[in-house]
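*Asks:*
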Amino acid sequence: MGFPSAERRRALAAAALGREAGVPGPDPGDGAPLTAVAGEILDVSPHLIIIETVDGEEERLVIAPWATAWRGGDVAPADLPVGGRVILRALRDGRVVERIWGDVTRMTGTIVSIDGRRDLSVELDCGAHRGRRTIVIPYRTTGRLRVRHPQFEPGYLFDAIGIRDEGETRALLPATSQPAYPARSVPSPPPAYAGQQPRISGTATWADAFDEDERGAAYPMLERSDAGCPDAAVSCVGLPYLAIGSLLQVKNLCTTRSANVPIVACGCLAGRFCDRCVECGTSPRGRITELSPSSFVELGGELTKGCFNAQIGLG
Amino acid sequence: MLESQLPVLIVLLVMGTVAKLATVYTGGEPGALSRLGPAVLVPERLQSSALVCCAVGELVLVAGLLLTTHPLFRWGTVLFFALSTYVLMELRRRRPDAGCGCFGEVSSAPVGLRSIGRTLVLTGMALMSVWAPVPGWMAFVNPSWFILAGVAVLAVLSPEIEEAVDRIRYRAPCEQRPAPPEGHTLARLRASGAWRAHRDGLVVAEPYDSWRELCWRFFAFQNQAGDDVVFAVYLSGRRPAVRMAVVSTDSMPEYTPVSA
Chain E
1 MGFPSAERRR ALAAAALGRE AGVPGPDPGD GAPLTAVAGE ILDVSPHLII
51 IETVDGEEER LVIAPWATAW RGGDVAPADL PVGGRVILRA LRDGRVVERI
101 WGDVTRMTGT IVSIDGRRDL SVELDCGAHR GRRTIVIPYR TTGRLRVRHP
151 QFEPGYLFDA IGIRDEGETR ALLPATSQPA YPARSVPSPP PAYAGQQPRI
201 SGTATWADAF DEDERGAAYP MLERSDAGCP DAAVSCVGLP YLAIGSLLQV
251 KNLCTTRSAN VPIVACGCLA GRFCDRCVEC GTSPRGRITE LSPSSFVELG
301 GELTKGCFNA QIGLG
Chain D
1 MLESQLPVLI VLLVMGTVAK LATVYTGGEP GALSRLGPAV LVPERLQSSA
51 LVCCAVGELV LVAGLLLTTH PLFRWGTVLF FALSTYVLME LRRRRPDAGC
101 GCFGEVSSAP VGLRSIGRTL VLTGMALMSV WAPVPGWMAF VNPSWFILAG
151 VAVLAVLSPE IEEAVDRIRY RAPCEQRPAP PEGHTLARLR ASGAWRAHRD
201 GLVVAEPYDS WRELCWRFFA FQNQAGDDVV FAVYLSGRRP AVRMAVVSTD
251 SMPEYTPVSA
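Line order of the protein sequences matches chains E and D.
Numbered according to UniProt numbering, the first sequence spans residues 1 to 315.
Numbered according to UniProt numbering, the second sequence spans residues 1 to 260.
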């Protein structure tokens, strides 16, 4: 069996059912679009940043006077190290930078083992496709992380944001309040009523398991046999089944931006989190989608906050 | 009179056994067991053995009650239900979110006063049956009206009945239900008129791609002209709707709806 591109599936499905094939990208009615640019810093000054993008092109971007940067904490944009990887949120066709995240990474997974006395070394199982990774929790952030992860033992979920530095992944901020149940015991969704809701609300997060600069989403409710993902189709929200290639309309309720994002991966880990986002008001329970960093930023999300209250529908 | 409730006890114990075993063997999600009943009180790796043990114990009691008048089985039943009452009270105190698990997965609603009341009534029934002069099968042969009274009291105290009614009334919509296996849907497609009309044009009869979206499963084939032929099969119903379209690999989709 071949694996045609996700767009091809969309075109075929639209043709068979006689509907419009949606177009990925932001909703044009949202006002000034935000652009996410990812790359490696070649040079940076207080007013200008030069980066090399994934395609190998050199981009020169103006840093807005109000721009802020984060790299393990708030820093001045000019203090970012040359050679570091950055994600920028830019205005005006991606020419003016207003927010920079340096070497940011997110560690989401099930705790496999914990070692160490002061600095903790934690091994995480990040799902069937993403494999395992080992992260370090520096001593100074253990308190902050443990207060939001009370069940700090193998089998429970872990979600934190941190930086990659000198080949080491360091967890600095908790990205959520840890669910109280073990990763294998996700609560079942509330009883469904006939007649589907056109929109489903919950929390949308981001993950760095996507290609750099990719626009896409991971969605939990995929058929296991189609996605080749034995842990898919688990969620505490009554989500409809979709496929890799389906177009998801994601709306950020905090900024009222929306975009059509293609499903490109299996969100088997997102489905195990039955948490809420409190970015603006309290969202209903359940992670309904996990976005790539670029899509998350273009929807107005703040990478260090880790989530936004979202509503999804079929694009 | 004293033996009148024996059939009720026997039938309930058998139902409990079957439901518990079904829950263990159909399994469902790993970890689903931990949401069920007193098994949450034991460590995770022992949970399914605990449920199986409980089911086997019930089966032994059933056999004893049905065939003999031996007091061992009768007092055993009293003890079983008295212990159940205690366990449920303990469960309600320690894990207010867990269901009683009395009938396996159906009893996933949190333990309430009704579930506890039911085990109390059952303990009473078992105690009454201790002095019954005949074995259980005799009570089945000569039923009395008191059985109905017992059943009615238990029905009032059973939250599972409401749960079952709700499940029938509010069935999950098709797009949220797991789909039948792909081969099954492919067989449905091959029985349809749309398939017969286009079968001869296909290069191979096996789809090169298949995916499910909402309540439709799509199958993509290649025809001899090198175009894609896509069939969409509705996932519910015995003779589901089938739609198809031929999409040229380089042009805009050509759309020809066919319903079977």
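Ideal Cβ placement from N, Cα and C applies to all residues, glycine included.
(1) Less than 7 angstroms between CB atoms is the rule here; does Ala15(E) satisfy it with respect to chain D?
(2) Within the continuous alpha helix (DSSP H) that includes Leu80(E), where are the two ends?
(3) Can you confirm whether Val247(D), when its beta carbon is compared against all beta carbons of chain E, has any partner nearer than 7 angstroms?
(4) Determine whether the beta carbon atoms of Cys268(E) and Asp231(E) lie at a separation below 7 angstroms.
(5) Tell me, please, which residues DSSP counts as bridged to Cys266(E).
(6) In three-state terms, what does DSSP make of Ser113(E)?
(7) Report the neighbours of Glu20(E) on chain D: residues whose CB is nearer than 9 angstroms to its CB, in chain order.
(8) Identify the contact partners of Arg243(D) in chain E, using a Cβ-Cβ distance below 7 angstroms as the criterion.
(9) Counting only Cβ pairs nearer than 9 angstroms, list the residues of chain D close to Gly271(E).
(10) Which residues in chain E have a C-beta closer than 8 angstroms to the C-beta of Leu214(D)? List them in chain order.
(11) With respect to the alpha helix (DSSP H) encompassing Trp279(E), which residues constitute its N-terminal and C-terminal limits?
(12) What is the DSSP secondary structure of Met138(D), counted as helix, strand or coil?
(13) If you draw a straight line from the alpha carbon of Arg9(E) to that of Arg257(E), how long is it in whole angstroms?
(14) Relative to the C-alpha of Leu21(D), which candidate in Cys54(D), Gly76(D) and Leu9(D) has its C-alpha closest?
(15) So who's on the other strand from Ala152(D), going by DSSP bridges?
(16) For Phe210(E), which option in Glu302(E), Val264(E) and Pro154(E) has the closest C-alpha, if you only look at C-alpha atoms?
(17) Determine which residues of the region 216–228 of chain E have a Cβ less than 7 angstroms from any Cβ of chain D, and write them out in chain order.
(18) Closer than 9 angstroms by beta-carbon distance: list the chain D residues that pair up with Gly245(E), in chain order.
(19) Curious, which full-length alpha helix (DSSP H) runs of at least 4 residues does the region 41–80 of chain D contain?
(20) Can you round the beta-carbon distance between Trp211(D) and Gly245(E) to whole angstroms, since I take them to be within the 8 angstroms contact cut?
(21) The beta strand (DSSP E) spanning Ala69(E) covers which residue range?
(22) Tell me whether Leu12(D) is buried or exposed, calling it buried when 16 or more other Cβ atoms sit within 10 Å of its Cβ.
(23) Can a CB atom of chain A be found closer than 7 angstroms to the CB of Val230(D)?
(24) DSSP three-state label for Val204(D), please.
(25) Anything in chain E within Cβ reach of Glu182(D), meaning under 7 angstroms, just list it in chain order.
(26) Contact check, Ala64(E) vs Val97(E) under 8 angstroms by CB: the rounded distance?
(27) Looking only at its chain, what residues have a beta carbon closer than 8 angstroms to the beta carbon of Ile147(D), apart from the 5 residues adjacent to it on each side?
(28) Near Leu2(D), which residues of its chain fall below 8 angstroms by C-beta distance, leaving aside the five closest residues on each side in sequence?
(29) How about Gly306(E): is its C-beta nearer than 7 angstroms to some C-beta of chain D?
(30) Once the 5 residues before and after Arg199(E) are set aside, which same chain residues still bring their CB inside 6 angstroms of it?
(31) If you draw a straight line from the alpha carbon of Gly28(D) to that of Pro173(D), how long is it in whole angstroms?
(32) Starting from Leu12(E), find everything on chain D with Cβ-Cβ shorter than 7 angstroms and list it in chain order.
(33) Apart from the five residues on each side of it in sequence, which residues of its chain come closer than 7 angstroms, Cβ to Cβ, to Pro189(E)?
(34) Mind listing which residues of the region 117–149 of chain E have their C-beta closer than 9 angstroms to chain D's C-betas, in chain order?
(35) Answer yes or no: does any C-beta atom of chain E fall closer than 7 angstroms to that of Gln224(D)?
(36) Below 8 angstroms on the Cβ atoms is my guess for Cys280(E) versus Thr205(E); work out the distance and round it to an integer in Å.
*Replies:* Considering the structure as presented:
(1) For the purposes of this step, residue 15(E) is taken as residue 15 along the first sequence, with counting starting at 1. Contact with chain D is found for Ala15(E), since one of that chain's Cβ atoms lies less than 7 angstroms from the residue's Cβ.
(2) As a working note, residue 80(E) is residue 80 in the first sequence. Segment: none, Leu80(E) is in no alpha helix (DSSP H) and carries neither H nor E.
(3) Locating residue 247(D) in the second sequence gives position 247, where the first residue counts as 1. Contact with chain E is found for Val247(D), since one of that chain's Cβ atoms lies less than 7 angstroms from the residue's Cβ.
(4) Translated into the one-based positions of the first sequence, residue 268(E) becomes position 268. Translated into the one-based positions of the first sequence, residue 231(E) becomes position 231. Note that the C-beta distance between Cys268(E) and Asp231(E) is below 7 angstroms.
(5) To locate residue 266(E), count along the first sequence from 1; it is residue 266. Note: Cys266(E) sits in a beta bridge opposite Tyr219(E).
(6) Taking the first residue of the first sequence as 1, we reach residue 113(E) at position 113. Residue state, collapsed to three classes: strand.
(7) Taking the first residue of the first sequence as 1, we reach residue 20(E) at position 20. What Glu20(E) touches in chain D: nothing, since even the nearest Cβ is about 11 angstroms away.
(8) The sequence position of residue 243(D) within the second sequence is 243, counting from 1. Residues of chain E passing the Cβ test: Ala16 and Leu17.
(9) The sequence position of residue 271(E) within the first sequence is 271, counting from 1. Within chain D, no residue has its beta carbon less than 9 angstroms from that of Gly271(E); the closest one is some 11 angstroms off.
(10) As a working note, residue 214(D) is residue 214 in the second sequence. Correct list: Pro240, Tyr241, Leu242 and Leu314.
(11) By one-based count along the first sequence, residue 279(E) stands at place 279. The identity of residue 279(E) in the sequence shown is Glu, whereas the question assumes Trp. For Glu279(E), no alpha helix (DSSP H) encloses it, and the DSSP letter there is neither H nor E.
(12) Here residue 138(D) is taken as the residue at index 138 of the second sequence, counted from 1. Three-state result, Met138(D): helix.
(13) Against the first sequence, residue 9(E) aligns to sequence position 9. Against the first sequence, residue 257(E) aligns to sequence position 257. Between Arg9(E) and Arg257(E), the C-alpha separation is close to 26 angstroms.
(14) For the purposes of this step, residue 21(D) is taken as residue 21 along the second sequence, with counting starting at 1. Closest by alpha carbon: Cys54(D).
(15) Taking the second sequence and counting its residues from 1, one reaches residue 152(D) at position 152. None; Ala152(D) has no bridge partner.
(16) Translated into the one-based positions of the first sequence, residue 210(E) becomes position 210. Val264(E) is the residue among Glu302(E), Val264(E) and Pro154(E) whose C-alpha sits nearest the C-alpha of Phe210(E).
(17) Those would be Glu223, Ser225 and Asp226, in chain order.
(18) If you number the first sequence from 1, residue 245(E) lands on position 245. Those are Trp211 and Glu213, listed as they occur along chain D.
(19) If only uninterrupted alpha helix (DSSP H) runs of at least 4 residues are considered, those enclosed by the region 41–80 of chain D are 47–67.
(20) As a working mapping, residue 211(D) is identified with position 211 in the second sequence. As a working mapping, residue 245(E) is identified with position 245 in the first sequence. That belief holds up - the Cβ atoms of Trp211(D) and Gly245(E) are roughly 7 angstroms apart, short of 8 angstroms.
(21) By one-based count along the first sequence, residue 69(E) stands at place 69. DSSP places Ala69(E) inside the beta strand (DSSP E), whose first and last residues are Glu58 to Trp70.
(22) For the purposes of this step, residue 12(D) is taken as residue 12 along the second sequence, with counting starting at 1. Answer is buried; the Cβ neighbour count reaches 16.
(23) In summary, chain A is missing from the structure at hand, where the protein chains are E and D.
(24) Position 204 of the second sequence, counting from 1, holds the residue named residue 204(D). Note: Val204(D) maps to coil in three-state DSSP.
(25) Here the question's residue 182(D) lines up with position 182 in the second sequence. Around Glu182(D), the beta-carbon contacts reaching into chain E at under 7 angstroms are Ser225.
(26) Position 64 of the first sequence, counted from the first residue, corresponds to residue 64(E). Position 97 of the first sequence, counted from the first residue, corresponds to residue 97(E). Separation of the CB atoms of Ala64(E) and Val97(E) is rounded to 6 angstroms, and the pair is thereby assigned contact status at 8 angstroms.
(27) Along the second sequence, one-based indexing puts residue 147(D) at 147. Ser4, Gln5, Pro7 and Val8.
(28) Here residue 2(D) is taken as the residue at index 2 of the second sequence, counted from 1. Answer for Leu2(D): Met128, Ser129, Trp131, Ala132 and Pro133, listed in chain order.
(29) Here the question's residue 306(E) lines up with position 306 in the first sequence. The beta carbon of Gly306(E) sits no closer than 7 angstroms to any beta carbon of chain D.
(30) Against the first sequence, residue 199(E) aligns to sequence position 199. The beta carbon of Arg199(E) lies closer than 6 angstroms to those of Gln311 and Gly313 in the same chain, with the five residues before and after it left out.
(31) As a working note, residue 28(D) is residue 28 in the second sequence. As a working note, residue 173(D) is residue 173 in the second sequence. Low local confidence applies: a pLDDT of 49 at Gly28(D) is under 50, so the model's placement there is unreliable, and no value is given.
(32) Taking the first residue of the first sequence as 1, we reach residue 12(E) at position 12. Close partners of Leu12(E) in chain D (Cβ separation under 7 angstroms): Phe218, Ala220, Asp228, Val230 and Val247.
(33) Looking up residue 189(E) in the first sequence gives position 189. Scanning its chain for C-beta atoms nearer than 7 angstroms, with the 5 sequence neighbours on each side dropped, one finds around Pro189(E) the residues Ser235, Cys236, Val237 and Gly238, in chain order.
(34) Residues passing the 9 angstroms Cβ filter: none.
(35) Sequence index remark: in the second sequence, residue 224(D) carries index 224 (1-based). So no, Gln224(D) is outside the interface.
(36) Sequence index remark: in the first sequence, residue 280(E) carries index 280 (1-based). Sequence index remark: in the first sequence, residue 205(E) carries index 205 (1-based). About 15 angstroms; that fails the 8 angstroms criterion.
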